[in-house]
Amino acid sequence: MLRPNCLKDGKYLVVTLSYDDGTKHDKRLVEIMNRYGVRGTFHLNSSRVASGAPDHVGADEIPEVYKGHEVSVHTVTHPHPSWISPEAMLVEMFEDRKALEKVCGYPVRGMSYPFGDFNDKVIEQAKACGIVYSRTTRTRQDFQLPEDFLRWDATCHHRNNLMENTERFLSFKDERCKRPRLLYVWGHSYEFNDQNNWDLIEGFCEKVGNKPYVWYATNIEIYDYEQARQRLQFSADSSMVYNPSAISVWVEDNGTPVEVKPGELYREQGK
Ligand SMILES: [Zn+2]
Numbered sequence: 089m090l091r092p093n094c095l096k097d098g099k100y101l102v103v104t105l106s107y108d109d110g111t112k113h114d115k116r117l118v119e120i121m122n123r124y125g126v127r128g129t130f131h132l133n134s135s136r137v138a139s140g141a142p143d144h145v146g147a148d149e150i151p152e153v154y155k156g157h158e159v160s161v162h163t164v165t166h167p168h169p170s171w172i173s174p175e176a177m178l179v180e181m182f183e184d185r186k187a188l189e190k191v192c193g194y195p196v197r198g199m200s201y202p203f204g205d206f207n208d209k210v211i212e213q214a215k216a217c218g219i220v221y222s223r224t225t226r227t228r229q230d231f232q233l234p235e236d237f238l239r240w241d242a243t244c245h246h247r248n249n250l251m252e253n254t255e256r257f258l259s260f261k262d263e264r265c266k267r268p269r270l271l272y273v274w275g276h277s278y279e280f281n282d283q284n285n286w287d288l289i290e291g292f293c294e295k296v297g298n299k300p301y302v303w304y305a306t307n308i309e310i311y312d313y314e315q316a317r318q319r320l321q322f323s324a325d326s327s328m329v330y331n332p333s334a335i336s337v338w339v340e341d342n343g344t345p346v347e348v349k350p351g352e353l354y355r356e357q358g359k
């Protein structure tokens with residue numbers, strides 16, 4: 089029996105970080121994350137990065153500062169999305185996307201809602217802008233992947249039970265019937281500066297980082313993997329699976345993770 093319950097590289101645990109606003113404190117955060125192999129997504133306001141504001145990462149610094157991570161939309165000027173017209177919100181998202189893509193050199197397809205504020209109309213506009221996922225400021229502690237990527241709730245803000253959640257998450261390494269588990273932490277890097285608690289995120293990265301059984305992903309990598317996983321085509325008896333996507337997907341073959349390459353038809357061993 090083949091089961092579609094593995095993440096990238098046959099792992100079951102994935103960790104991602106999501107930090108907003110692009111202040112200069114992102115540099116220190118990225119440096120800490122890089123030391124422990126932790127990866128994430130940085131949601132930027134293009135009006136702030138483009139203005140050369142000294143307290144923000146400059147447009148020219150973006151490719152180097154966020155190398156190995158993802159840059160994502162956070163609107164041009166950080167309005168309350170539900171307080172402005174749908175037309176204005178469309179411009180806020182689309183123009184931010186365009187400005188960030190120009191700087192980063194790749195399609196920018198993700199977002200986080202400024203102030204965590206959104207409604208159904210905002211989501212419609214986001215879709216029209218080609219945004220495929222967006223993070224809220226709500227949280228859920230069940231470590232599940234989102235059912236709706238445009239209402240993507242984090243596990244916790246870093247100030248709320250971060251280490252307790254991390255310990256609980258890592259304990260799933262030994263669960264018998266494995267399935268994908270996500271630890272998603274969000275915040276703003278300037279909070280570590282304001283609260284003088286850089287040791288919190290350093291301790292977190294040290295605890296969760298550099299583990300061979302954890303996949304360290306950006307937000308969009310999780311979205312793209314999930315799309316590919318959902319597209320797998322199984323035979324009626326689940327002994328065969330075809331991967332029509334352009335990236336590898338891992339499935340369990342009688343409990344053992346195996347890679348199904350792009351365009352490959354995989355048959356259960358011994359069948
Ligand atoms: Zn923000």
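Quick note, in the working numbering, the sequence shown goes up one by one and the last residue is 359. We put the CB at the ideal spot given by N, CA and C, even for glycine.
Buried/exposed call for residue i, threshold 16 Cβ in 10 Å
i, result
"serine 326", "exposed"
"glycine 198", "buried"
"tryptophan 171", "exposed"
"tyrosine 304", "buried"
"phenylalanine 203", "exposed"
"tyrosine 154", "buried"
"glutamate 255", "exposed"
"serine 134", "buried"
"glutamate 158", "buried"
"glycine 156", "exposed"
"arginine 264", "exposed"
"proline 268", "buried"
"glycine 110", "buried"
"glutamate 180", "buried"
"alanine 324", "exposed"
"serine 173", "exposed"
"tyrosine 301", "exposed"
Cα-Cα separation, residue i to residue j
i, j, result
"alanine 141", "aspartate 114", "14 Å"
"aspartate 230", "lysine 261", "15 Å"
"serine 361", "asparagine 284", "Here the chain covers residues 89 to 359 and nothing more, so residue 361 does not appear."
"histidine 162", "arginine 228", "21 Å"
"asparagine 342", "phenylalanine 182", "45 Å"
"tyrosine 221", "serine 336", "21 Å"
"isoleucine 289", "cysteine 217", "33 Å"
"arginine 185", "threonine 224", "18 Å"
"asparagine 207", "glutamate 356", "44 Å"
"cysteine 94", "glutamate 340", "7 Å"
"arginine 136", "cysteine 244", "26 Å"
"serine 139", "glycine 128", "24 Å"
"glutamate 175", "serine 259", "46 Å"
"asparagine 122", "asparagine 298", "10 Å"
"arginine 160", "valine 191", "A small correction: the amino acid at residue 160 is serine; arginine does not occupy that position in the sequence shown. Taking the straight line joining both Cα atoms gives about 12 Å."
"proline 195", "glutamate 189", "6 Å"
"arginine 116", "histidine 246", "16 Å"
"glycine 275", "asparagine 249", "13 Å"
"proline 92", "glycine 193", "33 Å"
"leucine 371", "alanine 187", "Within the shown structure, residues of the chain are numbered from 89 to 359, placing residue 371 beyond reach of any answer."
"phenylalanine 292", "tyrosine 313", "25 Å"
"asparagine 307", "glutamate 152", "19 Å"
"glutamine 315", "glutamine 232", "15 Å"
"isoleucine 310", "glycine 98", "14 Å"
"aspartate 205", "leucine 353", "43 Å"
"leucine 271", "alanine 242", "8 Å"
"valine 164", "glycine 125", "30 Å"
"valine 329", "threonine 344", "15 Å"
"alanine 214", "arginine 226", "18 Å"
"isoleucine 211", "histidine 166", "16 Å"
"valine 296", "phenylalanine 280", "18 Å"
Those residues which DSSP pairs with residue i across a bridge
i, result
"phenylalanine 280", "Answer is none; phenylalanine 280 lacks a bridge partner."
"arginine 355", "Met328"
"glutamine 321", "Tyr330"
"aspartate 262", "DSSP, once it has assigned bridges, lists no residue as partnering aspartate 262."
"tyrosine 107", "Phe130 and Gly275"
"tyrosine 362", "In the structure as shown, the chain begins at 89 and stops at 359. Residue 362 is therefore absent and cannot be evaluated."
"aspartate 341", "Leu90 and Thr344"
"leucine 270", "Val102"
Proximity test, Cβ basis, 9 Å: residue i and chain B
i, result
"methionine 121", "Of the chains in the structure shown, none is chain B; there is only one protein chain."
Open item on the list: Tell me whether the region 310-323 and the region 143-158 touch, counting them as touching only if at least three CB pairs, one residue from each stretch, are closer than 8 Å.
Closed with: no
Is there contact here, the region 342-351 with the region 105-123, by at least three beta-carbon pairs under 8 Å? no
Can you list the beta strand (DSSP E) stretches of 3 or more residues lying completely in the region 113-187, in chain order?
-> 128-132 and 158-161
In the region 196-253, which residue ranges form an unbroken alpha helix (DSSP H) of at least 4 residues, counting only runs that do not cross its ends? 208-216
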